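Asker:
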Amino acid sequence: MSVLPEPQQLMEAFAAFTQASEQLQQKYESLQGQLQQLGNELQTVLETVPYAIWVLGVHGELRFTNRNRGLDGVFLDGPAPWEPQAPEGLRRFRTQDGEDRFMEQENRPTDTGQIITLRDVTEAHLKAQQATREERLQAMGLMAAELAHEIRNPLGSLSLFAGMLVEDLAHMPAQAELAQHIQASVERLNTLVANTLTFSRDIVPKARPFALAEFWEEIRKASGLPEDVGWENRIPARASWTADPDLLRQVGVNLVQNSLRALEGREAPRLVLRAAQETLEGRAHWRLTLEDNGCGIAAEALARIFDPFYTTFGGGTGLGLAVSHRILMAHSGLMNIESRQGQGTKVHLRLPAGL
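In the working numbering, the protein residues as written are 3 to 357.
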């Protein structure tokens, strides 16, 4: 016959059990707190990373997405990133203000589904495009400079003889007019040779800070803006660049003149200037956008827009944008153009902030 434990022993055993339970509960609550803290920290990290994240389950159901996705105001062209048919690699999106953004999508399968990331690579993509253009422009510039030097001397002789011919035919108006056409054509060739040599020279900026709003008002005056063309300067007063204002003035006048040509015959023609602050490679920049509601540029022309001697306007030399592009490169800046035929054009200039 077994002996029942004494009440005292039972009480002591129960007290020990209670104490162990309380300790276990405390440890459980501590672990729960640590887990909650780790979860909050992970959530904070996921919310602040500079790219979008989607976590999908085995059947494609959305289990998590971070709020700071960098997609505010971006229209998704094609399937959404979390849809099964969404492609990996470089994708192009358009913002509400019409600016193109380039995103790199990566789809990673996991044991419990899939993790999708979308990272903004616009800056890197534009820089890669610009570097490729610059290499091509340098090669073309060297070749053009050699040709210009070869042409310059005989062209000088031709100009001299054309002038003498005009004088000799002064008593024969019809023939003199033909000689004048020859002389004008020779002068145009001389201008083209001079521009070519300018294009091929090294550009060494003398940078200093200056305010953007005032600078572009000077551009407006220098460009001879017609009264019927609207001009909206929406540049913040604090916006500034650190650059060579003389070189940038050349760029500005060229861009405005191009816009004016594109605005010919358009209803309610206007030019709008905006500026937004950005951070590129850890340094503050201002992005200047010049927008017109002109005829726009066809896709095939846009692909060659910075090539020297390529022009969509009759009578142009095709060097204005090529030189402008080189000036931006000399400042370690970025220049890109967005346009659709019949819908106007936007030119974006990115340069280091000044003041």
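Note that beta-carbon positions come from the ideal geometry of N, C-alpha and C, so glycine has one too.
All values reported here derive from a predicted model rather than from experimental measurement.
Could you tell me whether the stretch 254-268 touches the stretch 186-198, using the rule of 3 or more Cβ pairs below 8 Å?
Answerer: Judged by Cβ distances under 8 Å, the stretch 254-268 makes no contact with the stretch 186-198, as fewer than three pairs qualify.
Asker: Is there contact here, the stretch 224-239 with the stretch 338-351, by at least three beta-carbon pairs under 8 Å?
Answerer: Judged by Cβ distances under 8 Å, the stretch 224-239 makes no contact with the stretch 338-351, as fewer than three pairs qualify.
Asker: Counting only runs that start and end within the stretch 217-273, where is the alpha helix (DSSP H) found for 4 or more residues in a row?
Answerer: Fully enclosed alpha helix (DSSP H) runs of 4 or longer: 247-265.
Asker: If I follow the unbroken beta strand (DSSP E) through His350, where does it start and stop?
Answerer: Translated into positions along the sequence shown, residue 350 becomes position 348. Taken as a continuous stretch (DSSP letters only), the beta strand (DSSP E) holding His350 covers 347-354.
Asker: Could you tell me the distance, in whole angstroms, from the CA atom of Thr241 to the CA atom of His151?
Answerer: Here the question's residue 241 lines up with position 239 in the sequence shown. Here the question's residue 151 lines up with position 149 in the sequence shown. Per the sequence shown, the amino acid found at residue 241 is Ala instead of Thr. When rounded, the distance between both Cα atoms is 42 Å.
Asker: For Ala301, which of Trp243, Glu101, Ile339, His127 has the nearest alpha-carbon?
Answerer: Counted from its first residue, the sequence shown places residue 301 at position 299. Ala301 has its Cα closest to that of Ile339, out of Trp243, Glu101, Ile339, His127.
Asker: Are Leu2 and Asn197 closer than 8 Å when you measure CB to CB?
Answerer: A query on residue 2 cannot be resolved here, the shown segment of the chain reaching from 3 to 357 and no further.
Asker: Near Arg154, what residues of its chain come up, given a Cβ to Cβ distance below 6 Å and the 5 sequence neighbours on each side ignored?
Answerer: By one-based count along the sequence shown, residue 154 stands at place 152. Taken in chain order, the residues that qualify are Val195.
Asker: Nearest-angstrom Cα distance between Ala54 and Ala224?
Answerer: For this step, residue 54 is matched to residue 52 along the sequence shown. For this step, residue 224 is matched to residue 222 along the sequence shown. Going by the C-alpha atoms only, they are around 45 Å apart.
Asker: Look up Ile118 in the DSSP assignment and give the residues it is bridged to.
Answerer: Position 116 of the sequence shown, counting from 1, holds the residue named residue 118. DSSP output for Ile118 lists Trp56, Asn109 as bridge partner(s).
Asker: Which runs of the alpha helix (DSSP H) fall wholly inside the stretch 117-169 and span at least 4 residues, in chain order?
Answerer: List check, alpha helix (DSSP H) in window: nothing returned.
Asker: Taking the alpha-carbon of Thr134 as reference, which of Gly356, His350, Ala305, Thr313 has the nearest alpha-carbon?
Answerer: Here residue 134 corresponds to residue number 132 of the sequence shown, with the count starting at 1. For the residues Gly356, His350, Ala305, Thr313, the minimum Cα distance to Thr134 belongs to Ala305.
Asker: Does the distance from the CB of Lys129 to the CB of Leu265 come in under 8 Å?
Answerer: In the sequence shown, residue 129 corresponds to position 127, counting from 1. In the sequence shown, residue 265 corresponds to position 263, counting from 1. No, Cβ-Cβ distance for Lys129 and Leu265 is not below 8 Å.
Asker: Check whether the stretch 274-292 touches the stretch 156-176, counting contact only when three or more Cβ pairs, one atom from each stretch, lie closer than 8 Å.
Answerer: Short answer: they don't touch.
Asker: For Ile221, which residues of its own chain have a beta-carbon under 7 Å away from its beta-carbon, when the five flanking residues on both sides are left out?
Answerer: Residue numbering aside, residue 221 sits at position 219 when the sequence shown is read from its first letter. The residues are Arg251, Gly254, Val255, Val258.
Asker: Please report the distance separating the alpha-carbon of Cys297 from that of Asp309.
Answerer: Position 295 of the sequence shown, counted from the first residue, corresponds to residue 297. Position 307 of the sequence shown, counted from the first residue, corresponds to residue 309. Roughly 20 Å separates the two Cα atoms.
Asker: Sorted by chain position, which residues of the same chain lie with C-beta nearer than 6 Å to Ala332's C-beta, five sequence neighbours on each side aside?
Answerer: Sequence index remark: in the sequence shown, residue 332 carries index 330 (1-based). Counting only Cβ-Cβ distances below 6 Å, and skipping sequence neighbours, we find Ile205, Pro207.
Asker: Can you tell me the Cα-Cα spacing of Thr124 and Pro83, whole angstroms?
Answerer: Against the sequence shown, residue 124 aligns to sequence position 122. Against the sequence shown, residue 83 aligns to sequence position 81. Those two C-alpha atoms are separated by around 17 Å.
Asker: Mind checking Pro354: buried by the 16 CB within 10 Å criterion, or exposed?
Answerer: Translated into positions along the sequence shown, residue 354 becomes position 352. It is buried - the Cβ of Pro354 has at least 16 other Cβ atoms within 10 Å.
Asker: For Gly59, which residues from the same chain have a beta carbon less than 6 Å from its beta carbon, with the 5 sequence-adjacent residues on both sides left out?
Answerer: One-based indexing of the sequence shown puts residue 59 at position 57. Within the same chain, Gly59 has close Cβ partners Arg65, Gly115.
Asker: So for Leu290, helix, strand or coil by DSSP?
Answerer: On the sequence shown, residue 290 is found 288 positions in, with the first residue counted as 1. Leu290 falls in the strand class under three-state DSSP.
Asker: Quick one, are the C-beta atoms of Gly356 and Trp243 less than 8 Å apart?
Answerer: Sequence index remark: in the sequence shown, residue 356 carries index 354 (1-based). Sequence index remark: in the sequence shown, residue 243 carries index 241 (1-based). In this structure, Trp243 lies closer than 8 Å to Gly356 by Cβ.
Asker: Determine the extent of the alpha helix (DSSP H) in which Arg328 is found, giving its start and end residues.
Answerer: Indexing the sequence shown from 1 puts residue 328 at position 326. 322-332 is the extent of the alpha helix (DSSP H) around Arg328.
Asker: How big is the Cα-Cα spacing for Gln45 and Leu37?
Answerer: As a position in the sequence shown, residue 45 is number 43, starting the count at 1. As a position in the sequence shown, residue 37 is number 35, starting the count at 1. Taking the straight line from one Cα to the other gives about 12 Å.
Asker: If we count the other Cβ atoms within 10 Å of its Cβ and call it buried at 16 or more, is Asp246 buried or exposed?
Answerer: Within the sequence shown, numbered from 1, the residue matching residue 246 stands at position 244. By the 10 Å Cβ count, Asp246 comes out buried.
Asker: Rounded to whole angstroms, what is the Cα-Cα separation between Leu214 and Ala239?
Answerer: Taking the sequence shown and counting its residues from 1, one reaches residue 214 at position 212. Taking the sequence shown and counting its residues from 1, one reaches residue 239 at position 237. The straight-line gap from Cα to Cα measures roughly 8 Å.
Asker: Using DSSP with H/G/I as helix, E/B as strand and the rest coil, what is Met174?
Answerer: Translated into positions along the sequence shown, residue 174 becomes position 172. Met174: coil per DSSP, three-state reduction.
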